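Asker:
Protein chains: 2
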Amino acid sequence: MMTDHYKYKCSDCGSEIASNEIENNQIYLCPKCGKLEKNKPLVGVLEIVYDYEEIKSKISKDNFLKNNAGKFWKYPYLWPLNFTDDKLDCISETQLNKLSLIENPISEINYSNNSVKIFDDSRNPTLSYKDRASILVALKAIQLGITEIAAASTGNAGSSLAGICARLGMQSHIFVPKNIPESKRIQIQSFGANLYVVNGDYDQAFDLCLEVSKKKNWYNRNTAFNPLTIEGKKSSVYDMFISMKGNLPENIFAPVGDGVIISGIYKGIKELLKLGWIEKVPKLFAVQSEGSSAVVDYIEGGKFEYKSANTIADSISAGAPRNLYMAAQAVISTNGKGLKVSDEEIISAQKVLCQKFGILAEPAAAASFAGYKKISENKDIQGDSILMITGNGLKDISSLKNWNHEVEIRTEKEWKAILNKKSFEI
Amino acid sequence: MMTDHYKYKCSDCGSEIASNEIENNQIYLCPKCGKLEKNKPLVGVLEIVYDYEEIKSKISKDNFLKNNAGKFWKYPYLWPLNFTDDKLDCISETQLNKLSLIENPISEINYSNNSVKIFDDSRNPTLSYKDRASILVALKAIQLGITEIAAASTGNAGSSLAGICARLGMQSHIFVPKNIPESKRIQIQSFGANLYVVNGDYDQAFDLCLEVSKKKNWYNRNTAFNPLTIEGKKSSVYDMFISMKGNLPENIFAPVGDGVIISGIYKGIKELLKLGWIEKVPKLFAVQSEGSSAVVDYIEGGKFEYKSANTIADSISAGAPRNLYMAAQAVISTNGKGLKVSDEEIISAQKVLCQKFGILAEPAAAASFAGYKKISENKDIQGDSILMITGNGLKDISSLKNWNHEVEIRTEKEWKAILNKKSFEI
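Line by line, the protein sequences give chains A and B. Under the numbering used here, the first residue of the first sequence carries the number 93, and numbering increases by one thereafter. Under the numbering used here, the first residue of the second sequence carries the number 93, and numbering increases by one thereafter.
(1) In whole angstroms, give me the CA-to-CA distance for lysine 372 of chain A and alanine 242 of chain A.
(2) Unbroken beta strand (DSSP E) runs of length 3 or more, entirely within the segment 171-205 of chain A: which are they?
(3) Please list the terminal residues of the continuous alpha helix (DSSP H) segment that includes tyrosine 390 of chain A.
(4) Report the neighbours of arginine 502 of chain B on chain A: residues whose CB is nearer than 9 Å to its CB, in chain order.
(5) Which residues does DSSP pair with proline 217 of chain B in a beta bridge?
(6) Please return the same chain residues whose Cβ sits closer than 6 Å to the Cβ of serine 220 of chain A, not counting the five positions on each side in sequence.
(7) Helix or strand or just coil, what does DSSP make of cysteine 301 of chain B?
(8) Between leucine 134 of chain A and chain B, is the shortest Cβ-Cβ distance under 8 Å, so that the two count as touching?
(9) If distances are taken between C-alpha atoms only, which option among A:Ser226, A:Gln296, A:Ile334 comes closest to valine 352 of chain A?
(10) So which of B:Gln281, B:Ala230, B:Asn512, B:Phe283 has the shortest CA-CA distance to cysteine 182 of chain B?
(11) What residues in the segment 481-509 of chain A have a beta carbon less than 9 Å from any beta carbon of chain B?
(12) Out of A:Pro374, A:Gly237, A:Tyr98, A:Pro168, state which residue places its alpha-carbon closest to the alpha-carbon of asparagine 112 of chain A.
(13) For isoleucine 510 of chain B, does the count of other Cβ atoms within 10 angstroms reach 16, so buried, or fall short, so exposed?
(14) Give the residues from the segment 95-127 of chain B that approach chain A closer than 8 Å (Cβ to any Cβ), ordered along the chain.
(15) What does threonine 246 of chain A reach in chain B if we use C-beta pairs closer than 9 Å?
(16) Please report how far the alpha carbon of glutamate 323 of chain B lies from the alpha carbon of asparagine 314 of chain B, in whole angstroms.
(17) Is there at least one non-hydrogen atom of the ligand GDP closer than 7 Å to the beta-carbon of glycine 247 of chain A?
(18) For valine 289 of chain A and isoleucine 280 of chain A, what's the separation of their Cα atoms in angstroms?
(19) Between the C-alpha atoms of isoleucine 198 of chain A and lysine 505 of chain B, what's the straight-line distance to the nearest angstrom?
(20) Would you kindly report the start and end of the unbroken beta strand (DSSP E) that includes lysine 429 of chain A?
(21) Runs of 3 residues minimum, wholly inside the segment 291-358 of chain B: which ones carry the beta strand (DSSP E) assignment?
(22) Name the chain B residues that come within less than 9 Å of lysine 448 of chain A, Cβ to Cβ?
(23) Cβ of valine 229 of chain A less than 8 Å from any chain B Cβ?
(24) Exposed or buried, what is aspartate 213 of chain A when buried is set at 16 or more other beta-carbons lying within 10 Å of its beta-carbon?
(25) Nearest chain B C-beta to arginine 215 of chain A closer than 8 Å, yes or no?
(26) By DSSP's criteria, proline 269 of chain A is part of a beta bridge. Which residues make up the other side?
(27) With DSSP run on the structure shown, which of helix, strand or coil describes tyrosine 417 of chain B?
(28) By the 8 Å beta-carbon criterion, what residues does the segment 292-317 of chain A contribute toward chain B?
(29) Is the shortest distance between the beta-carbon of isoleucine 439 of chain B and the beta-carbons of chain A less than 8 Å?
(30) For the candidate residues B:Val268, B:Ile201, B:Glu240, B:Lys366, whose alpha-carbon lies nearest to that of leucine 170 of chain B?
(31) In whole angstroms, what is the alpha-carbon distance linking serine 207 of chain B and isoleucine 473 of chain B?
(32) Since serine 477 of chain A contacts proline 347 of chain A with CB under 8 Å, what's their CB separation in whole angstroms?
(33) So what does DSSP say about phenylalanine 377 of chain A, is it helix, strand or coil?
(34) Can you find a CB in chain B that lies within less than 8 Å of the CB of serine 278 of chain A?
(35) As a quick exercise: from B:Lys306, B:Gly292, B:Ser355, B:Lys308, pick the residue whose alpha carbon is nearest that of threonine 321 of chain B.
(36) Quick check on glycine 483 of chain A: does DSSP put it in helix, strand or coil?
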């Protein structure tokens, strides 16, 4: 049984801590420098590190590529989970089958002269990228013998955790601010979560969730705070690597709110580099809404200042991105770029994605395409690109209503007259 | 190039017609006995037949099972499409990749002592079973050199066709009755379809769609009328057969409205039998709402009488099921059963599926579970069962609002007090 193939390392002070010490004591942030303050990014976010030389000696790139995308638990040596003979401990195959992500996430769209591909996470079990984190967190909870998991959420993370817990027969507890969009609240409740609507903002929901879960001994999935949320999100890079037969694209565009998705992507890339399975690092492009641009501002100006966020793309609305420092580093060290797009550009990108390419994305997810459109119109991009589509448009159908779909109701006779007249135009 | 590996056969009068004759002249119903009448099931629905002896001599069961689920076009000899060396003509791999269904549709749920499995079609490209028909129809249109496709729809078929056409760069034209649910209309429009809202019922939309598409030379995807809709829907059986490593379950539960899905399932089963790849036929259970039960009534009483349909499960609401005779035959000849469930039973099944098993299904899709619940509570079922989940719950989020989700908004302090009190209960 492998239980000590990884340890935790603080991304700020560099302290290294044994996995048992962290997990048995339910520690989440760095015990030395960790800091959680209102309206500020987290300090002391932990990263998980493995013995990459050991992994390399045990598996070759060619053998690794025989894995299918969408089932990251099939190679447990790259995850903070206990296993025996390449199989996870405490979890049956039947349970794992319920968690499969889509096996064919990548498809080409015919947009510009350069190759542009969609990475489609809108068909995961709860139709969002967040499932990657929820799944890893839930598997960890099972191995720790905990059956209840809590999270603070503004929407998708909560519905994802609730859905994954339901699939596994676990109980979820979701703490949300009172301004949560109705459709996301309904998703959370539909999955049988216990819902706690806090008469306050996300920070208050976050604090309450921490305090209560500690007291009740629930496992905590607060985004960025639990290092497994970042870790789970690295799985998209492995799925990309497998789907692209051992390659990665030159550019990856990701929507950024809290900064956890792009940090996870960067983590996956760094690991592939350490394993010697890739030579070139993709450039990471962090796309934010103009109304919630703390990460891009930090990349450009080197400092963080709290501003309350305001954007139609609720999944990337974050005044104080919890994972700001790691996200900024991901962009800077890959020679990528931070990009701001307006809500109008997001909606217009959402329309084009759906009408021209059949990809129904929620506004936050369409932001990656909005960023790509903007930069490619300025001819400021070379090589092939992958756009991360992080959530399904049906998770937020009210955003589609903003398109002002015109409805003409006519009788059969009227339609015939109109269509006959139009016959030369159509 | 294989172009004549199949022919059409009338399911009523038995006439056989060469594929070229049907397709080049855009014939859909049997030219001898076909009849399309208001408020009546169709007469002369065509079936596609292949030379099964020829197929058997070319591929073994073991070799067939090396296919992945979710990409039925990989074995074109079982589809009415032209191909060369096992590859479809006129369509690139890049285009086909955009159409992949989920590769892992089956998962076990822990519901009764008998084995119960979900067949999950709620994560297809447009999140419904209808994609199976839309994909086959679109591929046929491409091979016929037609770039515009029309359909009459009450919701899912239209949004499916619109989404699949958008993925392939084709134009769709959707004719709908004025009472279409808002969220389904928005989905259709979001995918860039031309929408024609008819001030009348589904029958009027159907007639108008036929007349206009004939005039404009658009390919027609009207359900049951175009035999490829039934044919496309057989693909779930092949996906099941592949996922279950060459087996099928003892029982299959399917929601039934127009009767096309269950007819497609039956077609797939009959083919596997003719190929000698299965020996035993699963029993087919047709589940209908009490407010729309023409197929079940026909199975039980042997006659059809038009009654206007009324059920919360809009995707299986059909007063005059177009494919009634074939659907009834599917149930009767497999020794299955027709089951009626109330709207309350459907909603209750939808809740359990979501809260206990994490499967968010639309009401029509939850009907299969409602039927299973009912019959298993009476201990009237033996062996393992598969429940067809035909559409995602987010396609109809308003139905989830019917659950009367309670919302309690409280301050942090209040929640703490409540949660501390509850600490022994939770």
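Each residue gets a CB set at the ideal place from its N, CA and C atoms; glycine is no exception. Predicted, not measured: the structure shown is a model, and the values here were computed from it.
Answerer: To lay it out plainly:
(1) Between the C-alpha atoms of lysine 372 of chain A and alanine 242 of chain A there is a straight-line separation of about 38 Å.
(2) Runs of beta strand (DSSP E) with 3 or more residues, each lying fully within the segment 171-205 of chain A, are found at 198-201, listed in chain order.
(3) Counted as a single uninterrupted DSSP element, the alpha helix (DSSP H) harbouring tyrosine 390 of chain A occupies residues 386-393.
(4) For arginine 502 of chain B, the C-beta contacts it makes with chain A under 9 Å involve Tyr288, Val289, Val290, Asn291, in order along the chain.
(5) BP columns for proline 217 of chain B are empty, so no partner.
(6) Around serine 220 of chain A: Asn248, Ser252, Gly483.
(7) Correct three-state label for cysteine 301 of chain B: helix.
(8) So, not an interface residue.
(9) Answer by Cα proximity: A:Ser226.
(10) The residue with the shortest Cα to Cα distance from cysteine 182 of chain B is B:Ala230.
(11) From the segment 481-509 of chain A, only Asn484, Gly485, Leu486, Lys487, Ile489, Leu492, Lys493, Trp495, His497, Glu498, Val499, Glu500, Ile501, Arg502, Thr503, Glu504, Glu506, Trp507, Lys508 have a Cβ closer than 9 Å to chain B.
(12) For the options A:Pro374, A:Gly237, A:Tyr98, A:Pro168, the alpha carbon positioned closest to that of asparagine 112 of chain A is the one of A:Tyr98.
(13) Isoleucine 510 of chain B should be labelled exposed.
(14) Closer than 8 Å at the C-beta level to chain A, one finds no residue of the segment 95-127 of chain B.
(15) Correct list: empty, because the minimum Cβ distance to chain B is about 15 Å.
(16) When rounded, the distance between both Cα atoms is 13 Å.
(17) For the structure depicted, the ligand GDP is absent and the ligand set is empty, with no information on it obtainable.
(18) The alpha-carbon of valine 289 of chain A is positioned some 11 Å away from that of isoleucine 280 of chain A.
(19) Taking the straight line joining both Cα atoms gives about 46 Å.
(20) Per DSSP, the continuous beta strand (DSSP E) segment holding lysine 429 of chain A begins and ends at 429-433.
(21) Within the segment 291-358 of chain B, the complete beta strand (DSSP E) runs of at least 3 residues fall at 343-347.
(22) Within 9 Å Cβ-Cβ: Ala258, Gly261, Gly284.
(23) With 8 Å as the cut-off, valine 229 of chain A does not count as an interface residue toward chain B.
(24) By the beta-carbon neighbour count (other beta carbons within 10 angstroms, threshold 16), aspartate 213 of chain A is buried.
(25) Yes - at least one Cβ of chain B is within 8 Å of the one on arginine 215 of chain A.
(26) The bridge partners DSSP lists for proline 269 of chain A are A:Val290.
(27) In the three-state scheme derived from DSSP, where H, G and I count as helix and E and B as strand, tyrosine 417 of chain B is classed as helix.
(28) If the cut-off is 8 Å between Cβ atoms, the segment 292-317 of chain A has Gly292, Gln296, Asp299, Leu300, Glu303, Val304, Lys307, Lys308 near chain B.
(29) No, isoleucine 439 of chain B does not count as interfacial toward chain A.
(30) It is B:Lys366.
(31) Cα to Cα, serine 207 of chain B sits roughly 11 Å from isoleucine 473 of chain B.
(32) With 8 Å as the limit, serine 477 of chain A and proline 347 of chain A do not qualify as a contact, their Cβ atoms being about 14 Å apart.
(33) Of the three classes helix, strand and coil, the one that applies to phenylalanine 377 of chain A here is strand, per DSSP.
(34) The identity of residue 278 of chain A in the sequence shown is isoleucine, whereas the question assumes serine. Any Cβ of chain B closer than 8 Å to the Cβ of isoleucine 278 of chain A would place that residue at the interface, and such an atom is present.
(35) Among B:Lys306, B:Gly292, B:Ser355, B:Lys308, the Cα nearest to that of threonine 321 of chain B is on B:Ser355.
(36) Residue state, collapsed to three classes: strand.
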